[in-house]
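The structure under discussion appears below in the form of structure tokens.
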Amino acid sequence: MPGSVQILGTGQLLELSRRLRAAGGPRLRANTARRIRRAAEPLHRDLQQAIRTVQLPGSGRKVRGGPSPTTRPLRATLAGAVRISVRSGASPGARVWLDKTRLPEDLRNMPWVIEQGRVRHPVFGNRKRWTTQWARPTGWWSKTIQDGTPRMRAEVERVLGDVRRDLQ
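Read in our numbering, the sequence shown has 119 at position 119, and its numbers run on one by one without any break.
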């Protein structure tokens, strides 16, 4: 189920945050935040690529209709809602999540629907005719998070080790 992956509040991050405040180096703090963001970017890109490549085959009818009543491409819209944030305050860390506020009102639940593999929608905007599209539940969110979290965690730990050495 889409949610967010976070690397927050670990003992190492909290200790590092205290030391950064004590050192008073805003440049050092900004550098650390930038490197933690870079650690999260591969997972961010992987999630965007995963949603862009999800296949939603038609319901089996061979007759094609007219152009789509919307101008927004579904997969690109969903990919644009995947976000990264880095915090360096009281609970420092990196977070990759799907920001529902960046989605149009009618697509707010679509990432979860696609994750399950069944998309039911009106035919070309006609609310009197509905169709169901089936996708093989690929786990575009959960599988990608599961595969990318260890890499992100290892990179954040490497950044923390580098900064810890600089502070000593």
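All C-beta atoms in this analysis are idealised placements derived from N, C-alpha and C, irrespective of residue type, glycine included. Predicted model only: the values in this text are computed from it and were never measured.
Less than 7 Å between the beta carbons of residue i and residue j, yes or no?
i	j	result
I84	A30	no
L28	A135	no
A81	R95	no
Q133	V123	no
V86	R18	no
Could you have a look at residue i and say whether DSSP puts it in helix, strand or coil?
i	result
G139	coil
E81	For clarity, residue 81 is Ala in the given sequence; the question names Glu instead. A81: coil per DSSP, three-state reduction.
G93	strand
V163	helix
T149	helix
T131	strand
Work out the CA separation of residue j and residue i for me, nearest whole Å.
i	j	result
T32	D106	38 Å
R164	E157	10 Å
R72	L78	10 Å
P111	N126	22 Å
A50	T144	7 Å
D99	R108	9 Å
Q146	R45	14 Å
H121	K128	10 Å
G178	T131	The displayed coordinates of the chain run from 1 to 168. Any statement about residue 178 would go beyond what the structure contains.
S142	L47	9 Å
What are the residues that DSSP puts in a beta bridge with residue i?
i	result
W112	Bridge partners of W112: none, in fact.
L98	V82
V156	BP columns for V156 are empty, so no partner.
Contact between the segment 100-120 and the segment 130-146 is defined here as three or more beta-carbon pairs at a separation below 8 Å; is this criterion met?
yes
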